[in-house]
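Peer 1: So that we are looking at the same thing, I have put the structure below in structure tokens.
Number of protein chains: 2
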Amino acid sequence: MRGRGRWRGGRGEGPSQIRGFVQPALLLLLQRGPSHGYDLVNGLSSVGFADYPVDSSTVYRTLTALEAEGMVISEMESQGSLGPPRRVYRLTAAGEGLLGNWVEQLRATDRILHRFLQEYDRSR
Amino acid sequence: MRGRGRWRGGRGEGPSQIRGFVQPALLLLLQRGPSHGYDLVNGLSSVGFADYPVDSSTVYRTLTALEAEGMVISEMESQGSLGPPRRVYRLTAAGEGLLGNWVEQLRATDRILHRFLQEYDRSR
DNA sequence: TCCGCTATTTGCGTTATGCATCTAGATAAT
DNA sequence: ATTATCTAGATGCATAACGCAAATAGCGGA
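Chains as they are written, first to last, in my numbering: chain A, 134 to 257; chain B, 134 to 257.
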């Protein structure tokens, strides 16, 4: 899967303007159980995040970064998949904590957004 | 030591993860009437966006960019202010349209966020 | 053999933003 | 008069978080 994604807020299309949303999204998906990069790439655009296309390179890089910080742990899948070997990630306890922090952040973001939209609607 | 930069969603503090939110926020403020940069800097952190601190440089740069695209127009204030001359901006029709587009975008963002938070809460 | 998936990695460029610093007018305090 | 303080804005530098493109590689089918 190649990132399709047009962007440029304003003109027309575009990814959401949330930065650093890939990280919490991946943490949430991993909370459901271990998974590997390729699957997560598709997972993002299927399970609830259909409107939020993310490039695969971003996913892999984010996973690498998360592992470097101890938020996830990976190991090469012993055997049995249908293609090349996969690196399977699973959430650590620290990772779960991080997810919790992200959630707080995102709730704050949500409130800001609501205020903005409310202000806009009120000005009509 | 140059820009080390606090950030890091997760840990604790950090700017909101909304990118490109300064633009719609400024457009919304300008919809209420003409204003100048310094005022808008404070406007952002007072009128509804208290939790969304924005650096003044960002505000000035965003205004410059908006003007280059014809979304706002500025002129130096003829006279009468209490400090150095101000550059007063006002919204153009194109700017109002842009704001409308941003609003649509942000509603989409809002929906994504809701789904995310709902998923998280459901996993508890 | 060549194609099309699956799977991951890496180089390169862009963007929005923060921090620090500089200039400078106006006014109030010393 | 000098100095501090607020108002006002511009600019250099750094960087996180992406997207896009392309390389690498295992595997199964036509």
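Heads up, the beta-carbon is just placed ideally off N, CA and C, and yes, glycines get one too.
Since A/D184 meets chain B, which of its residues come closer than 7 angstroms, beta carbon to beta carbon?
Peer 2: Locating residue 184 of chain A in the first sequence gives position 51, where the first residue counts as 1. Within 7 angstroms Cβ-Cβ: A241 and I245.
Peer 1: Under a Cβ-count criterion, where at least 16 other Cβ atoms within 10 Å of its own Cβ denotes burial, should B/S211 be classed as buried or exposed?
Peer 2: Here residue 211 of chain B is taken as the residue at index 78 of the second sequence, counted from 1. It is exposed - the Cβ of B/S211 has fewer than 16 other Cβ atoms within 10 Å.
Peer 1: Give me, in chain order, the residues of the same chain whose beta-carbon lies closer than 8 angstroms to that of A/V155; leave out the 5 immediate sequence neighbours on both sides.
Peer 2: Position 22 of the first sequence holds residue 155 of chain A. Excluding positions up to five away in sequence, the list reads L177, V187, T191, V192 and T195.
Peer 1: Using beta-carbon positions only, say whether B/M204 and B/A227 come within less than 7 angstroms of one another.
Peer 2: Walking along the second sequence from the start, residue 204 of chain B turns up at place 71. Walking along the second sequence from the start, residue 227 of chain B turns up at place 94. Yes; because the gap between Cβ atoms is below 7 angstroms, this pair is in contact.
Peer 1: B/Y185 by DSSP, collapsed to three states: which one?
Peer 2: In the second sequence, the residue the question calls residue 185 of chain B occupies position 52. Here B/Y185 sits in coil by DSSP.
Peer 1: Express the C-alpha separation of A/R220 and A/E200 in angstroms, rounding to a whole number.
Peer 2: Start at 1 with the first residue of the first sequence, and residue 200 of chain A comes out as number 67. Start at 1 with the first residue of the first sequence, and residue 220 of chain A comes out as number 87. If I take the Cα positions, the gap works out to 12 angstroms.
Peer 1: If I follow the unbroken alpha helix (DSSP H) through B/I245, where does it start and stop?
Peer 2: What you label residue 245 of chain B is simply residue 112 of the second sequence in a count that begins at 1. Looking at the DSSP string, the run of the alpha helix (DSSP H) that includes B/I245 is A226 to R255.
Peer 1: Give me the DSSP bridge partner(s) of B/T209.
Peer 2: Within the second sequence, the letter at position 76 stands for residue 209 of chain B. According to the sequence shown, residue 209 of chain B is Met rather than Thr. According to DSSP, B/M209 bridges with B/R220.
Peer 1: Does any residue of chain B bring its CB to less than 7 angstroms from the CB of A/G136?
Peer 2: By one-based count along the first sequence, residue 136 of chain A stands at place 3. Low per-residue confidence applies at A/G136: pLDDT is 31, beneath 50, and the placement is therefore not dependable, though the value from the model is reported in the following sentence. It does not: the Cβ of A/G136 has no partner Cβ on chain B nearer than 7 angstroms.
Peer 1: Suppose you measure from the CA of B/V236 to the CA of A/E208; what does that come to, to the nearest Å?
Peer 2: Position 103 of the second sequence holds residue 236 of chain B. Position 75 of the first sequence holds residue 208 of chain A. Answer to the nearest angstrom: the Cα atoms are 43 angstroms apart.
Peer 1: Does chain A have any CB closer than 7 angstroms to the CB of B/V236?
Peer 2: Numbered from its first residue, the second sequence carries residue 236 of chain B at position 103. It does: the Cβ of B/V236 has a partner Cβ on chain A nearer than 7 angstroms.
Peer 1: For the alpha helix (DSSP H) containing A/L215, list its first residue and its last residue.
Peer 2: In the first sequence, counting from the first residue as 1, residue 215 of chain A sits at position 82. Where A/L215 is concerned, there is no enclosing alpha helix (DSSP H), given that its DSSP letter is neither H nor E.
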